[in-house]
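Peer 1: Position one of the sequence shown corresponds to residue 197 (my numbering), numbered consecutively onward. Glycine included, C-beta positions come from ideal geometry on N, C-alpha and C.
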Amino acid sequence: MAKSLRFDTRVAVVTGGGSGLGRACALSLAQRGAKVLVNDLGTTYRGLPETVYIADFVVEEIKTSGGVAVANYDSVEYGDRIITAALREFGRVDVIVNCAGVLRDQGFAKMSNTDWDLVMKVNLKGAFLVMNAAWPHMKKQQYGRIVNIGNIAGVRGGNRVSATAAAKMGLHGLTTALASEGLKRNIRANTIAPSAPEASKKLVPEEVVPLVLWLAHEDCMVTGNLIQAGEGLVAMLRVERSRGVVLGKKFGAEDVRKHWSRIVDFSLKTDAPSDLPDALEKFKAHKPKL
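#1: Give me the DSSP bridge partner(s) of K231.
#2: So, helix, strand or coil for M432, using DSSP?
#3: Using CA coordinates, which residue listed in T371, G287, A305, P332 is at the minimum distance from A359?
#4: Is it the case that the Cβ atoms of N294 and I278 are separated by a distance below 8 Å?
#5: From what residue to what residue does the beta strand (DSSP E) around R341 run?
#6: Once DSSP output is grouped into helix, strand and coil, what is the label at G214?
#7: For A329 and D276, which I take to be in contact (beta-carbon distance under 8 Å), what is that distance rounded to the nearest angstrom?
#8: G353: which of D270, A389, R453 sits nearest, CA to CA?
#9: Give every residue of the same chain whose Cβ lies closer than 6 Å to the Cβ of A412, excluding the five residues on either side of it in the sequence, and list them in chain order.
#10: On the three-state DSSP scale, how would you describe S200?
#11: For D236, which three-state DSSP category applies?
#12: Note the first and the last residue of the continuous alpha helix (DSSP H) segment covering L374.
#13: Take every Cβ of the region 246 to 264, pair it with every Cβ of the region 369 to 386, and state whether three or more of those distances are shorter than 8 Å.
#14: Taking the alpha helix (DSSP H) that L464 belongs to, which residues open and close that run?
#15: Taking A265 and V232 to be in contact with their CB atoms under 8 Å, please state how far apart those CB atoms are, rounded to whole angstroms.
#16: Using CA atoms only, rank isn't needed, just tell me which of R384, V442, R206 is closest to M417.
#17: Between G322 and V272, which are expected to be in contact by the criterion C-beta below 8 Å, what is the C-beta distance as a whole number of angstroms?
#18: Would you kindly report the start and end of the unbroken beta strand (DSSP E) that includes N355?
#19: Got a sec? Which residues, its chain only, sit under 8 Å from K398 by beta carbon, not counting five neighbours each side?
#20: Grab me the residues of R242's own chain with a C-beta within less than 7 Å of its C-beta, minus the 5 sequence neighbours each way, in chain order.
#21: Sorted by chain position, which residues of the same chain lie with C-beta nearer than 7 Å to E403's C-beta, five sequence neighbours on each side aside?
#22: A226 to I258, Cα distance in whole Å?
#23: What ranges does the alpha helix (DSSP H) occupy inside the region 262 to 327, keeping only unbroken runs of at least 4 residues that lie completely in it?
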């Protein structure tokens, strides 16, 4: 029987942990031994005189099951407060799962500056602020696991998703940069792109949580990846490059037009460069002829 993945010595911060995927991640991490800070702004229910902090409900579930957790109600706009709370309570931060996000998408022509800025502020900058606050501590302890929740819309697009697509692919770009910087310090960072069967249907958290647990575990050494999960499928996504055509340093638009069919031809041998130097080396290696 395979050894189960445990987090007994680890402290996890889960943003957006009061509901949906965030809640499922917080519960699962705690069930496997992690001490969890459940971060969520909370929500106001009509008819109640005060704000109901849904993070409290998740913490109560964890404690009832014998786990250890605390609630935090700060917006990810104040990522330093979230990390400070985890350090104050548990003394360290080992795992970050960034689930917090907002949706304000509509047709691009009707997208307002206010809605665009809000999506960027929470989905991209908020995640940055949380990770930025935790980064020095992860570097010092020579350990960290970061799982950012992206969106498949950033890969394949779609209607009424311009802000989310931009923010979530920006988040993955940040993830790849952190993966490079953290490599020698045993800090691993990856992005998950959850996918529902149809745009009109809700995501099933249980179809994504196992991947989150693996990427958050100390045994997992992969980093800088974008991985799709949903409907039982787990698959890695990557940027693939066609073989291309060497046009020389001085070429014109007409040359591009002339060789366009070969430039975009993926039927020939392709590659997936890991970074720019790797891309240039591979490009020089095959030197497709005109």
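Peer 2: The relevant details are as follows:
#1: Residue 231 sits at position 35 when you count from the first residue of the sequence shown. In DSSP, K231 forms a bridge with V207, V264.
#2: Against the sequence shown, residue 432 aligns to sequence position 236. Strand, per DSSP.
#3: Working through the sequence shown from its first residue, we reach residue 359 at position 163. When only C-alpha atoms are compared, the closest one is A305.
#4: In the sequence shown, residue 294 corresponds to position 98, counting from 1. In the sequence shown, residue 278 corresponds to position 82, counting from 1. No; because the gap between Cβ atoms is not below 8 Å, this pair is not in contact.
#5: Position 145 of the sequence shown, counted from the first residue, corresponds to residue 341. Residues 340 to 345.
#6: Here the question's residue 214 lines up with position 18 in the sequence shown. Residue state, collapsed to three classes: coil.
#7: For the purposes of this step, residue 329 is taken as the residue at position 133 of the sequence shown. For the purposes of this step, residue 276 is taken as the residue at position 80 of the sequence shown. Indeed, because the Cβ distance is near 4 Å, the residues count as touching under 8 Å.
#8: Indexing the sequence shown from 1 puts residue 353 at position 157. The residue with the shortest Cα to Cα distance from G353 is A389.
#9: Counting from one through the sequence shown, the residue named residue 412 turns up at place 216. Answer for A412: V291, R341, V343, listed in chain order.
#10: Residue 200 sits at position 4 when you count from the first residue of the sequence shown. Looking at S200 - three-state DSSP - the assignment turns out to be coil, as it is neither helix nor strand.
#11: For the purposes of this step, residue 236 is identified with residue 40 of the sequence shown, where counting begins at 1. If DSSP states are grouped into helix, strand and coil, D236 belongs with coil.
#12: For the purposes of this step, residue 374 is taken as residue 178 along the sequence shown, with counting starting at 1. Residues 358 to 378.
#13: no
#14: Your numbering for residue 464 matches position 268 in the sequence shown. L464 -> no alpha helix (DSSP H), and no H or E assigned at all.
#15: By one-based count along the sequence shown, residue 265 stands at place 69. By one-based count along the sequence shown, residue 232 stands at place 36. That pair is a contact at about 4 Å.
#16: Start at 1 with the first residue of the sequence shown, and residue 417 comes out as number 221. Of the listed residues, the one whose Cα sits closest to M417 is R384.
#17: What you label residue 322 is simply residue 126 of the sequence shown in a count that begins at 1. What you label residue 272 is simply residue 76 of the sequence shown in a count that begins at 1. Confirmed, Cβ separation roughly 3 Å.
#18: One-based indexing of the sequence shown puts residue 355 at position 159. Run containing N355: none; DSSP gives neither H nor E here.
#19: Within the sequence shown, residue 398 is the residue found at index 202, counting from 1. Result list for K398: A392, in chain order.
#20: Reading the sequence shown from its first residue, position 46 is the one you call residue 242. Confidence is the limiting factor: at R242 the pLDDT is only 48, short of 50, which leaves the residue's position unreliable and the question unanswerable from this model.
#21: Walking along the sequence shown from the start, residue 403 turns up at place 207. A425, G426, E427, G428.
#22: For the purposes of this step, residue 226 is taken as residue 30 along the sequence shown, with counting starting at 1. For the purposes of this step, residue 258 is taken as residue 62 along the sequence shown, with counting starting at 1. Straight-line Cα distance between these residues: approximately 7 Å.
#23: 275 to 286, 309 to 315
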